[in-house]
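If you read the protein sequences in the order shown, they are chains A and B.
FYI, our numbering numbers position 70 of the first sequence as 70, with every residue one higher than the one before it.
Count along the second sequence from 1, add 112, and you get the number used in our numbering.
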Amino acid sequence: MEIRISEFGNHGKKVTLVGKLDIAGAESIDLPLATVAGTRQSIVVDMMGVDFIASIGIRHLVMAAKAVARGDGKFLLLNPTPLVTEVLITAGLQELLPIVRSEDEALAVLAG
Amino acid sequence: MADDVETRRFGMSCSDVAAIDDWLERVGARWGASERTMFSARLCVAELAANTLEHGMARTSADHIVVTVRRLCGGVAVEYLDSRAPFDPTGVPVPARAESIESADPTGRGLTLLRAYARDLTYSHDGTYNRVMLTISS
């Protein structure tokens, strides 16, 4: 799994994930995601390149979202694939980890 | 449609679990199985394997996992064996859903996903192996 971290305008950080968010992928994003979440800035996680997700990957997203929620930030998932979206919804996360479908929508949520 | 069956034995490390997923992807590609069917099968096996690694009590250094997949007319059947101490993943209560991210437990969603994606989910122990059987409908 590849992870890239960049600025998201003036609103926080964008974390781009590419690959499988399985047991090996979760291990590879653990430290960088926890580090950026520890700043408690808003995070937009670009999920478009994630082609598989399991509960261990979800665990790391929830931990990061919980860290961000301790500050004033928001944690958004950007454009996960239909199969990944279905996993997130089945896991009961649609309200805990809000999904947006474009960067404009993410900006509107973060600015709101 | 041919009744294809493939079986492979794996170790008990994170890299072995990743190797199981890579193998299932290749099997699905060879069979021409639908992306959704194989995604569901991979998810169920990933949850079972993660559960084995995280919660399965080791018995010997030779503990291992054996996965068998069978192509069916209407989907895929999976048999998942692990040699760790007896543990029934189908008997564990599913945790309640959290009301907020602040109160959410990061863990505990694997069995929820397994039960949602698998059909005909059964567990048994034969003295050597935990044996979980399930089917995925296409």
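By construction, the Cβ of each residue, glycine as well, lies at the ideal position given by its N, Cα and C atoms.
Residues of the stretch 69-88 of chain A with a Cβ closer than 7 Å to any Cβ of chain B, in chain order: ALA69, LEU83, VAL87.
Assigned with DSSP and collapsed to three states, A:ASP72 falls in coil, not helix or strand. Separation of the CB atoms of B:GLY168 and B:SER249 is rounded to 28 Å, and the pair is thereby denied contact status at 8 Å. Taking 7 Å as the CB threshold, B:ASP133 lines the interface with chain A. For the 7 Å CB-CB criterion, B:LEU160 and B:VAL244 form a contact. The Cβ atoms of A:ASP104 and A:LEU78 do not sit closer than 7 Å to each other.
Going by DSSP, A:ALA34 is part of the alpha helix (DSSP H) stretching over 23-37. Residues of chain A whose Cβ lies closer than 9 Å to the Cβ of B:ALA141 do not exist, since the nearest Cβ in that chain is about 13 Å away. When C-beta atoms of the stretch 92-99 of chain A are compared with those of the stretch 60-71 of chain A, three or more pairs fall below 8 Å, so the two segments count as touching.
Ranked by how close their Cα comes to the Cα of A:SER102, the residues A:ALA54, A:ALA69, A:GLY57, A:MET48 have A:MET48 in first place.
Within the DSSP secondary-structure output, A:SER6 pairs in a beta bridge with A:LYS14.
Cβ contact annotation for B:GLY220 (same chain, cutoff 6 Å, sequence separation greater than five): PRO207, in chain order. Chain A places a beta carbon closer than 7 Å to that of B:CYS126, counting this residue as a contact. Taking a beta-carbon distance threshold of 7 Å, B:GLU118 does not count as an interface residue toward chain A. For A:ARG4, the closest C-alpha among the options A:HIS11, A:THR35, A:ASN10 is that of A:THR35. Going by DSSP, B:MET150 is part of the alpha helix (DSSP H) stretching over 147-167. Closest in C-alpha terms to B:ASP133, from the list B:THR202, B:ALA153, B:THR234, comes B:ALA153.
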